[in-house]
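A.B. asks: I have a structure here, written as structure tokens, and I will follow up with some questions on it.
Residue numbers (the working numbering): 6 to 361.
Right under this line is the structure:
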């Protein structure tokens with residue numbers, strides 16, 4: 006039963022604001038769902054239509070109790086009756102409109118009392134079951150009434166359900182509190198972990214900075230050692246030339262020259278640069294280091310390879326970097342060497358080597 010559709014039908018029929026008489030054929034209904042029970046009663050209570058009479062007819066025996074329960078929870082201003090068939094339904098509506106309706110007139114006092122108790126019982130159960138009305142007042146008949154026990158049992162059941170509802174709400178509240186506490190603990194733990202990660206990141210940054218400083222220091226030391234070796238090599242070769250020019254005993258001269266040659270070892274520098282150095286290379290590196298002491302070991306190596314006419318790709322492969330990375334290093338070297346905008350590194354290094 007769709008409320009919006011029903012209101013549209015009422016409006017289209019010109020029945021807005023007029024008394025409505027509803028007939029409901031229940032011949033094909035044997036049971037209804039819990040949600041539909043609520044829908045029916047919500048429809049009657051919230052539709053704001055002027056129902057004057059509702060008549061149920063053609064009710065199956067196994068559905069009669071449910072129909073009577075629906076009848077029991079209807080508002081007092083809506084006359085709700087159950088009849089056998091459509092003919093009786095029409096006759097009762099006509100009689101109601103004519104003012105001759107007497108649905109309970111022939112009943113005895115005992116029958117009316119029994120009927121009222123039954124309606125009270127069904128309505129109370131329906132309100133508890135369908136609407137969860139656990140705080141409704143349940144009017145009890147006299148303790149001497151034969152139906153007192155049944156109504157009292159409903160009252161006791163309502164009290165029990167109320168306690169269960171209270172326990173359920175307390176349990177839900179407890180679960181909610183526990184969940185909030187867990188969430189709070191998780192947030193605290195997460196924040197602590199974030200702070201720990203930040204601290205670890207700071208420590209790593211310090212370690213990286215320290216390692217960079219250490220590497221820079223080692224580069225400078227390697228450059229110094231390489232330069233010193235180159236200078237010593239040049240001095241030894243000058244000494245060797247002088248020994249060759251001496252007019253002394255041949256064996257003595259050979260011993261002296263062999264000693265000088267063994268000293269003129271450039272293995273250390275060769276290992277540093279991964280290339281075989283000539284005397285002119287060693288001299289070039291020594292002079293370059295003196296003129297530009299701020300060049301590091303890798304930049305000295307690159308300078309030598311540039312002087313030796315290696316192309317950018319070969320140099321990049323030799324020092325273990327990308328071509329793009331090599332371009333960046335050459336740009337920095339251009340500034341370190343103090344070159345002009347249109348002055349190339351290769352030309353500068355070649356001129357420097359030729360000036361020795």
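Virtual Cβ for every residue (Gly too), placed ideally from N, Cα, C.
Please state the DSSP three-state secondary structure of residue 60.
C.D. replies: Translated into the one-based positions of the chain shown, residue 60 becomes position 55. It is a strand residue.
A.B. asks: Taking all protein chains shown into account, do 16 or more other C-beta atoms lie within 10 angstroms of the C-beta of residue 132, making it buried, or fewer, making it exposed?
C.D. replies: The residue you call residue 132 lines up with position 127 of the chain shown. It counts as buried.
A.B. asks: Please specify which runs of the alpha helix (DSSP H), each continuous and at least 4 residues long, are wholly inside the region 35-103, giving them in chain order.
C.D. replies: Runs found: 39-51, 69-77 and 91-103.
A.B. asks: Please list, in chain order, all residues of the same chain as residue 141 whose beta carbon is under 6 angstroms from its beta carbon, the five residues on each side excluded.
C.D. replies: As a first step, residue 141 is located in the chain shown; it is residue number 136 there, counting from the start. Cβ within range, chain order: 132.
A.B. asks: If I measure Cβ to Cβ from residue 31 and keep anything under 8 angstroms in the same chain, skipping five residues before and after, which residues do I get?
C.D. replies: Numbered from 1 along the chain shown, position 26 holds the residue referred to as residue 31. Same-chain partners within the cutoff: 61, 62, 63, 64, 65, 68 and 72.
A.B. asks: Return the Cβ separation of residue 320 and residue 310 in integer angstroms, given the expectation that the two are a contact with Cβ distance under 8 angstroms.
C.D. replies: Here the question's residue 320 lines up with position 315 in the chain shown. Here the question's residue 310 lines up with position 305 in the chain shown. Rounded, the Cβ-Cβ distance is 5 angstroms, consistent with contact.
A.B. asks: Report yes or no: do three or more beta-carbon pairs, one from the region 92-103 and one from the region 142-157, lie closer than 8 angstroms?
C.D. replies: Short answer: they don't touch.
A.B. asks: Is residue 133 helix, strand or coil when you go by DSSP?
C.D. replies: The residue you call residue 133 lines up with position 128 of the chain shown. Three-state result, residue 133: helix.
A.B. asks: Can you tell me whether residue 175 is buried or exposed? The criterion is at least 16 other CB atoms within 10 Å of its CB, across all chains shown.
C.D. replies: Indexing the chain shown from 1 puts residue 175 at position 170. Exposed, by the Cβ-count rule.
A.B. asks: Note down, in chain order, each residue of its chain lying with its Cβ closer than 6 angstroms to the Cβ of residue 276, except the 5 sequence neighbours on either side.
C.D. replies: For the purposes of this step, residue 276 is identified with residue 271 of the chain shown, where counting begins at 1. The predicted position of residue 276 is uncertain, since its pLDDT is 46 and thus under 50; a value taken from the coordinates is nonetheless stated next. So the list is empty, once near-sequence residues are dropped.
A.B. asks: Is the Cβ-Cβ distance between residue 83 and residue 57 less than 8 angstroms?
C.D. replies: Counting from 1 along the chain shown, the entry for residue 83 is found at position 78. Counting from 1 along the chain shown, the entry for residue 57 is found at position 52. Contact flag set, yes.
A.B. asks: Residue 316 by DSSP, collapsed to three states: which one?
C.D. replies: Residue 316 sits at position 311 when you count from the first residue of the chain shown. Three-state result, residue 316: coil.
A.B. asks: What is the DSSP secondary structure of residue 30, counted as helix, strand or coil?
C.D. replies: Along the chain shown, one-based indexing puts residue 30 at 25. It is a strand residue.
A.B. asks: Given 8 angstroms as the limit, is there contact between the region 336-343 and the region 293-301, that is, 3 or more CB pairs closer than that?
C.D. replies: Yes, they touch.
A.B. asks: Just reading off the alpha helix (DSSP H) that residue 330 is part of, what are its end residues?
C.D. replies: Here residue 330 refers to the residue found at position 325 when the chain shown is read from its first residue. From DSSP, the alpha helix (DSSP H) with residue 330 extends over 328-341.
A.B. asks: When the Cα atoms are used, what is the spatial distance from residue 29 to residue 93?
C.D. replies: Here residue 29 refers to the residue found at position 24 when the chain shown is read from its first residue. Here residue 93 refers to the residue found at position 88 when the chain shown is read from its first residue. Between residue 29 and residue 93, the C-alpha separation is close to 12 angstroms.
A.B. asks: Quick one: is residue 251 buried, meaning 16 or more other Cβ sit within 10 Å of its Cβ, or exposed?
C.D. replies: Looking up residue 251 in the chain shown gives position 246. Result: exposed.
A.B. asks: Please state the DSSP three-state secondary structure of residue 253.
C.D. replies: Numbered from its first residue, the chain shown carries residue 253 at position 248. Of the three classes helix, strand and coil, the one that applies to residue 253 here is coil, per DSSP.
A.B. asks: Got a sec, what are the start and stop residues for the alpha helix (DSSP H) residue 140 sits in?
C.D. replies: One-based indexing of the chain shown puts residue 140 at position 135. Per DSSP, residue 140 belongs to no alpha helix (DSSP H) and is neither H nor E.
A.B. asks: Where residue 304 and residue 266 are concerned, what is the direct C-alpha to C-alpha distance, given to the nearest angstrom?
C.D. replies: The residue given as residue 304 occupies position 299 in the chain shown. The residue given as residue 266 occupies position 261 in the chain shown. Roughly 29 angstroms between the two C-alpha positions.
A.B. asks: Taking residue 74 as the reference, which of 13, 9, 120 and 91 has the closest Cα?
C.D. replies: Counting from 1 along the chain shown, the entry for residue 74 is found at position 69. Looking at the Cα atoms, 120 is the closest of the given residues.
A.B. asks: So that I know if they touch, is there some Cβ in chain C lying closer than 8 angstroms to that of residue 50?
C.D. replies: Absent here is chain C; the protein component of the structure consists of one chain.
A.B. asks: Rank 190, 294 and 184 by C-alpha distance to the C-alpha of residue 2 and give the top, closest one.
C.D. replies: The shown model of the chain, from 6 to 361, leaves out residue 2, and the question about it has no answer.
A.B. asks: My guess is that residue 166 and residue 139 are in contact by the Cβ rule of under 8 angstroms, so how many angstroms apart are they, rounded?
C.D. replies: For the purposes of this step, residue 166 is taken as residue 161 along the chain shown, with counting starting at 1. For the purposes of this step, residue 139 is taken as residue 134 along the chain shown, with counting starting at 1. That belief holds up - the Cβ atoms of residue 166 and residue 139 are roughly 5 angstroms apart, short of 8 angstroms.
A.B. asks: Can residue 77 and residue 127 be called in contact, C-beta distance under 8 angstroms?
C.D. replies: Residue 77 sits at position 72 when you count from the first residue of the chain shown. Residue 127 sits at position 122 when you count from the first residue of the chain shown. Cβ atoms of residue 77 and residue 127: closer than 8 angstroms.
A.B. asks: Determine the direct distance from the alpha carbon of residue 241 to that of residue 271, and round the result to whole angstroms.
C.D. replies: Position 266 of the chain shown, counted from the first residue, corresponds to residue 271. Position 236 of the chain shown, counted from the first residue, corresponds to residue 241. Its pLDDT being 46, under 50, residue 271 is placed unreliably by the model, and the measurement read from it follows with that caveat. Approximately 12 angstroms between the Cα atoms of the pair.
A.B. asks: Measuring CB to CB, does residue 249 end up less than 8 angstroms from residue 238?
C.D. replies: On the chain shown, residue 249 is found 244 positions in, with the first residue counted as 1. On the chain shown, residue 238 is found 233 positions in, with the first residue counted as 1. No. Outside cutoff.
A.B. asks: So residue 290 and residue 235 are supposed to be a Cβ contact under 8 angstroms. How far apart are they, rounded?
C.D. replies: The residue given as residue 290 occupies position 285 in the chain shown. The residue given as residue 235 occupies position 230 in the chain shown. Between residue 235 and residue 290 the Cβ distance is about 5 angstroms, and since that is below 8 angstroms, they are a contact.
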